[in-house]
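Asks: Everything in the sequence shown is counted per my numbering, starting at 2 for the first residue and increasing by one.
Got a structure for you, questions after.
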Amino acid sequence: MVKVAGYTYYYVTTVGPKTRWRCSTHSSRGCSAHLYTINDTLFATKGPLFMLSERGARILVVDGYKFRRQCDVGTKTRWWCSSHYNRGCRAVVYTIGTQTIRCKNIHTHAPVHIYIIKRVKRRMRYKREGALVAASEAVLSGKMSCLRAANLYEVPRTTLRRKIAELWNK
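Structure representation (structure tokens):
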């Protein structure tokens with residue numbers, strides 16, 4: 002169970018590091034609000050979401066993009082893209098209270114959660130490459146007994162077959 006902005010969300014499914022949650026507060030009334038977490042960090046929601054940053058500042062999350070408060074004029078608040086504004090991203094959201102009144106959600110970059118997924122995939126690739134090196138060294142040295150079965154399962158079969166064929170053809 003997750004509680005965000007006074008609303009509770011129940012667990013729906015997990016695919017890889019990404020978990021989907023649905024509104025349980027008003028689901029009986031047909032509410033379709035949902036949110037996503039990646040490794041217990043909130044990333045994408047349907048509609049705007051107000052939350053606190055790691056330093057305690059209030060931030061706005063819309064479709065996986067984070068916005069920081071730029072200024073308040075009366076009851077209206079302007080929010081700028083927090084991750085890439087200094088790199089030319091001019092996405093902006095205007096709110097009154099918790100209601101979005103205008104949203105120019107056109108970014109020059111991918112949402113933050115895309116970068117995290119890419120980072121996780123990159124780590125997995127490096128882990129696989131390390132396992133591939135260990136498997137290759139074991140095949141070359143003839144010490145197959147030192148090769149753990151776990152190393153073989155981390156490497157795709159086609160890659161392992163191709164690498165072994167390359168080693169034998171040298």
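Glycine included, each C-beta is placed from N, C-alpha and C at the ideal position.
Please classify residue 92: is it buried, with 16 or more other beta-carbons within 10 angstroms of its beta-carbon, or exposed?
Replies: buried
Asks: Quick check: the Cα distance between residue 23 and residue 41, rounded to an integer number of angstroms?
Replies: 15 Å
Asks: Whose C-beta lies closer than 8 Å to the C-beta of residue 66 among residues of the same chain, with five residues either side of it excluded?
Replies: 82, 84, 92, 106, 108, 112, 113
Asks: Rounded to whole angstroms, what's the CA-CA distance from residue 88 to residue 73? Just pull it up for me.
Replies: 23 Å
Asks: Hey, is residue 93's beta-carbon within less than 8 Å of any beta-carbon in chain C?
Replies: Although the question refers to chain C, the structure presented lacks it and comprises just one protein chain.
Asks: Taking the alpha-carbon of residue 5 as reference, which of 39, 20, 21, 51 has the nearest alpha-carbon?
Replies: The candidate whose alpha carbon is nearest that of residue 5 is 51.
Asks: Quick one: Cα of residue 146 to Cα of residue 170, how far?
Replies: Unreliable placement is indicated for residue 146, whose pLDDT of 49 sits below 50; no coordinate value is reported for it.
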